[in-house]
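Protein chains: 2
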Amino acid sequence: MDVHRLLVFREIARAGSVAGAARTLGWTQPAVSQHLRHLERQAGTALVLRRPRGVRLTEAGEVLLRHADAIAVRLHAAADDLAALVQLREGTVRLAAFPSASATVVPAAMSLLGRRHPGVDVRLREAEPPEALALLAAGEADLAVTFAHAGQEPDEQPGLVRTAVGEDPVRLVLPRSHPHAAGGDEPVDLRTLAAEKWIAGCARCAASLLRTCREAGFTPDVRHGTDDYVVTQALIARGLGIGLLPRLALDAFTAPGVAVRPAAGLLPRTLHLVHPREADQIPAVRAAVRALRDTLAPARG
Amino acid sequence: MDVHRLLVFREIARAGSVAGAARTLGWTQPAVSQHLRHLERQAGTALVLRRPRGVRLTEAGEVLLRHADAIAVRLHAAADDLAALVQLREGTVRLAAFPSASATVVPAAMSLLGRRHPGVDVRLREAEPPEALALLAAGEADLAVTFAHAGQEPDEQPGLVRTAVGEDPVRLVLPRSHPHAAGGDEPVDLRTLAAEKWIAGCARCAASLLRTCREAGFTPDVRHGTDDYVVTQALIARGLGIGLLPRLALDAFTAPGVAVRPAAGLLPRTLHLVHPREADQIPAVRAAVRALRDTLAPARG
DNA sequence: GCACGGGTATAAGTATTCCTTTGGGGTCGG
DNA sequence: CCGACCCCAAAGGAATACTTATACCCGTGC
């Protein structure tokens, strides 16, 4: 049972004649006639009776017409649903982002996306970069916002594409009572901090800290470790150490008891958008990427 | 939105991979891959994400799959319904037949058809041949049982095909009190009846009566006219005239007060089945034709 | 009565679509 | 690292689809 022929048959029934169907289809009459013949052969029964002024459906033809109509309706519904997705009148993006982005640029981007495409639904899940990549690989997220510290090769996951969308500068964070707390925008010389106690972040942040200090000529005395930038700042405010934090984290939250200074030799981290290779063919994902990029562009540099 | 591609896509979704769909379809993998590519181009969005061990549907793919499933269901239903009609598990035949056939061979044929194909529904409508042809032409009947007297050209309706299926001999009907009432199977000589009063039937039957008598050398004195073979016999039984009736009418009903004799020179009428030209491509009609033919065959001659 | 205009079908030829073949890239598991 | 399996892209032959050309049938109107 050939579906195309069924739809041609539907036109015949609608027009009441083979020639009429040919006109509405923009074909010649024999083309439609052949379709009808093949369909009748497949069906094993006459579907129409040829009368002087056209054709008239047989019982089998009437039965077939009802099914053909139902199929045509479904086909239109499918096209409509797809159009809604393509034109971003609906759709869902499952987004994974690391905490400090989730608190700053991601909400801003979601808001922008919501203004541009009110029908698109975004579901955010907070995840550190490795977990975010795992979510993508497992098909549980469509798009991830990740970062990599300068000089660190980000793990390349097969099938995922990564695009850099901006840099997040890293700052020195000190207790307010620290001798270097004042000084404004003047870069601090890291070598003057060789004897400090340090607080490190996640594994890759800690590696970046070690590398930076080594290039400054010393090995830091790391006393504490935590992923959480609120915890980090609480420790620092109490004078339990000093640390490095990216600007996004400080934008999200800066504790009253700490001072933030730039320092020479601090390499920024790079922000990335990651998604499955063909996911940029998905309109909602593409729109989310655009919104994130547009939001992050001012943060660049 | 190409329906075939939609059904191929459905196989991809079912199999979970392009290669798997190709296996179930008996095609090569690139064939299926091209269908998918075209479908995605038409849709304007990715429908699947290519993963190491196959593909995974996107949101748009899931939406499309639901519609494709619905279409496939309808398609199977259409095939099933057609099969029921073709295999005569159901179907309707609208039959038109003239009165004496409707009382004799047609019920027998309907019974035979009902035994052969219990699912086929027959609707009988009694109609003299001209009306029966009009019903066929108007599409209100599928098959007609008609007759034509020997030597009469039946009206040829365009688009209808007529097949002779037997002959119905015509008999002389007399009052029981008539001098010729006795005599059994010995043919009566019509010329001995030139002085009788006659009762004629329908227009064409009357014409046949006139022709027969003329060939016998006289013009009949037609006193009464009626289509109805019961009325005809009532008149004859009362001695109001004599007449000719076909055997089918006498099979249906023979009045107690009449005698039936063969006569030399009485030409039989021919029974016909008439239907629209392609209606023999309709299984239920074909089955009804067979049943009628099988029932009429013994009546032949 | 016969040409005309509507409808139908069939036959043959050209186009197009479809599927296969071939070759190559990517990822997983031994 | 190789083999198995998945995917894609490009090119060619085969099948299908549509057109052209022709003929038939029926109702109508000159």
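As given, the protein sequences belong to chains S and A, one line each in that order.
Number 1730 marks the last residue of the first sequence (this note's numbering); no jumps.
Number 1730 marks the last residue of the second sequence (this note's numbering); no jumps.
All C-beta atoms, glycine included, are put in the ideal place defined by N, C-alpha and C.
Simplified DSSP assignment, three categories, for residue i
{"i": "A/G1675", "result": "As written in the sequence, residue 1675 of chain A is Pro, which differs from the Gly given in the question. DSSP places A/P1675 in strand when its eight states are reduced to three."}
{"i": "S/F1527", "result": "coil"}
{"i": "A/L1478", "result": "strand"}
{"i": "S/E1488", "result": "helix"}
{"i": "A/R1640", "result": "helix"}
{"i": "A/G1595", "result": "strand"}
{"i": "A/G1483", "result": "strand"}
{"i": "A/D1650", "result": "strand"}
{"i": "A/H1433", "result": "helix"}
{"i": "S/V1549", "result": "coil"}
{"i": "S/E1560", "result": "helix"}
{"i": "A/H1578", "result": "strand"}
{"i": "S/L1494", "result": "helix"}
{"i": "S/R1518", "result": "coil"}
{"i": "S/L1721", "result": "helix"}
{"i": "S/P1401", "result": "Given that chain S is displayed from residue 1430 to residue 1730, the structure contains no residue 1401 of chain S and the question cannot be resolved."}
{"i": "S/H1467", "result": "helix"}
{"i": "A/H1609", "result": "coil"}
{"i": "A/P1705", "result": "strand"}
{"i": "S/E1555", "result": "strand"}
{"i": "A/L1731", "result": "Residue numbering for chain A in the displayed model covers 1430 to 1730; residue 1731 of chain A lies beyond these limits and cannot be assessed."}
{"i": "S/A1506", "result": "helix"}
{"i": "A/L1700", "result": "strand"}
{"i": "A/A1666", "result": "helix"}
Residue i to residue j span [Cα, whole Å]
{"i": "A/E1585", "j": "S/P1481", "result": "15 Å"}
{"i": "S/V1432", "j": "S/A1444", "result": "18 Å"}
{"i": "A/L1638", "j": "A/G1672", "result": "9 Å"}
{"i": "A/R1719", "j": "A/V1492", "result": "50 Å"}
{"i": "S/A1376", "j": "S/G1548", "result": "The question about residue 1376 of chain S has no answer, for chain S in this structure spans 1430 to 1730."}
{"i": "A/L1524", "j": "A/R1554", "result": "6 Å"}
{"i": "S/G1595", "j": "S/R1676", "result": "12 Å"}
{"i": "A/A1666", "j": "A/K1626", "result": "13 Å"}
{"i": "A/G1730", "j": "A/A1526", "result": "Confidence at A/G1730 is low in this model, with a pLDDT of 42, below 50, so its placement is unreliable and no value can be given for it."}
{"i": "S/Q1516", "j": "A/E1519", "result": "47 Å"}
{"i": "S/A1636", "j": "S/A1556", "result": "19 Å"}
{"i": "A/R1544", "j": "A/I1500", "result": "37 Å"}
{"i": "A/R1722", "j": "A/E1582", "result": "22 Å"}
{"i": "A/V1484", "j": "S/A1532", "result": "34 Å"}
{"i": "S/R1439", "j": "A/L1454", "result": "27 Å"}
{"i": "S/T1592", "j": "S/L1562", "result": "14 Å"}
{"i": "A/A1450", "j": "S/A1678", "result": "49 Å"}
{"i": "A/V1651", "j": "A/I1628", "result": "6 Å"}
{"i": "A/S1462", "j": "A/V1551", "result": "51 Å"}
Residue environment, residue i, which counts as buried when at least 16 other CB atoms sit within 10 Å
{"i": "A/G1630", "result": "buried"}
{"i": "S/H1505", "result": "exposed"}
{"i": "A/V1659", "result": "exposed"}
{"i": "S/S1540", "result": "exposed"}
{"i": "A/Q1662", "result": "buried"}
{"i": "A/H1467", "result": "exposed"}
{"i": "S/P1558", "result": "buried"}
{"i": "S/A1728", "result": "Its pLDDT being 47, under 50, S/A1728 is placed unreliably in this model, and the coordinates cannot settle the point."}
{"i": "A/R1434", "result": "buried"}
{"i": "S/A1726", "result": "exposed"}
{"i": "A/P1587", "result": "exposed"}
{"i": "A/G1646", "result": "exposed"}
{"i": "S/S1406", "result": "Summary: the structure shown does not reach residue 1406 of chain S, with chain S confined to residues 1430 through 1730, and so no result is reported for it."}
{"i": "A/A1623", "result": "exposed"}
{"i": "S/G1490", "result": "buried"}
{"i": "A/G1670", "result": "buried"}
{"i": "A/A1610", "result": "exposed"}
{"i": "A/T1724", "result": "buried"}
{"i": "A/A1632", "result": "exposed"}
{"i": "S/E1644", "result": "exposed"}
{"i": "A/P1649", "result": "buried"}
{"i": "A/P1459", "result": "exposed"}
Any non-hydrogen atom of the ligand SAM closer than 6 Å to residue i Cβ
{"i": "A/G1588", "result": "In terms of ligand content, the structure shown is empty, and the ligand SAM therefore cannot be addressed."}
| query | Does the segment 1613 to 1620 of chain A come within contact of the segment 1679 to 1699 of chain A, defined as at least 3 CB pairs closer than 8 Å? | reply | Yes, the segment 1613 to 1620 of chain A touches the segment 1679 to 1699 of chain A.
| query | Contact between the segment 1679 to 1688 of chain S and the segment 1558 to 1569 of chain S: three or more CB pairs below 8 Å? | reply | The segment 1679 to 1688 of chain S, when compared against the segment 1558 to 1569 of chain S, does not touch it at the 8 Å Cβ threshold.
| task | Indicate whether the contact test is met: 3 or more Cβ pairs, each with one atom in the segment 1465 to 1482 of chain A and one in the segment 1694 to 1710 of chain S, closer than 8 Å. | result | yes
| query | Just checking, does the segment 1509 to 1520 of chain S make contact with the segment 1597 to 1610 of chain A on the three C-beta pairs under 8 Å criterion? | reply | no
| message | For the segment 1572 to 1584 of chain S against the segment 1697 to 1707 of chain S, do three or more pairs of beta-carbon atoms, one drawn from each stretch, fall closer than 8 Å, so that the two count as touching? | response | yes
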